[in-house]
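When we follow this note's numbering, the leftmost residue of the sequence shown carries the number 1, and every step to the right adds one.
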Amino acid sequence: MFGKPRPKPAIKLTQLSSLVAAGVEVDGDVVFTGGLRIDGHVRGQVCGRSQGGEAPALLVLSDTGHVEGRVRCGHALINGRVSGDLDVEHYVELQAGARVTGTVRYRQLQIDVGAVVEGQLVHLGAADAAGAGNVVELVPDAQAGGERR
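Following this line, the structure appears as structure tokens:
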């Protein structure tokens with residue numbers, strides 16, 4: 001705040017290859033690679049995936065954009081509304097118009113004056129990121145035949 005400004009991570013806005021335009025409503029999950037800009041409304045999960053050695057998937061949510069559902073991606077620039085959890089593997093920037101209702105999980109975070117988070121902020125450490133792909137299925141005791149697993 002009072003020292004030298006820290007350099008921002010290099011995010012290439014030129015990697016935006018898909019658009020949900022203003023006035024467009026999507027009911028269902030959206031999966032993308034590269035980059036996605038949302039100016040419209042998505043009801044469902046939004047999941048960005050990296051391909052091989054490419055840059056992490058980038059989501060840009062404009063001031064007119066709204067997502068009702070969980071968001072997962074590599075980088076995110078948020079200036080609209082997210083009603084659900086926001087899981088960002090690397091860098092998230094919450095701009096002045098951002099409104100997030102849910103848990104924000106991040107490795108690097110920038111919050112501009114005016115952004116609102118109604119939920120928790122959870123920093124991902126190196127151990128969290130390494131195990132992020134692991135899934136553990138819990139089996140109720142009745143299905144396990146009374147055994148504890």
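For every residue, glycine included, the Cβ atom is placed at its ideal position computed from N, Cα and C.
- [ ] Can you give me the start and stop residues for the beta strand (DSSP E) that E118 sits inside?
- [x] 116–118
Task: Where V104 falls, given that 16 or more other Cβ within 10 Å makes a residue buried - done: Only buried fits V104, as 16 or more other CB atoms lie within 10 angstroms of its CB.
- [ ] Report the option in Y106, L61, V88, F32 whose CA atom is closest to the CA atom of A22.
- [x] L61
Task: Euclidean distance between Cα positions of G82 and H66 - done: This sequence places Val at residue 82; Gly is not what is there. For V82 and H66, the distance between alpha carbons rounds to 6 Å.
- [ ] Determine the direct distance from the alpha carbon of E89 to that of P56, and round the result to whole angstroms.
- [x] 8 Å
Task: Straight-line Cα distance separating A98 from A129 - done: In this prediction, A129 has a pLDDT of 47, which is less than 50 and means its spatial position is unreliable; nothing more can be read from the coordinates.
Task: Buried versus exposed call for D87 [16 or more other C-beta atoms within 10 Å across all chains shown] - done: buried
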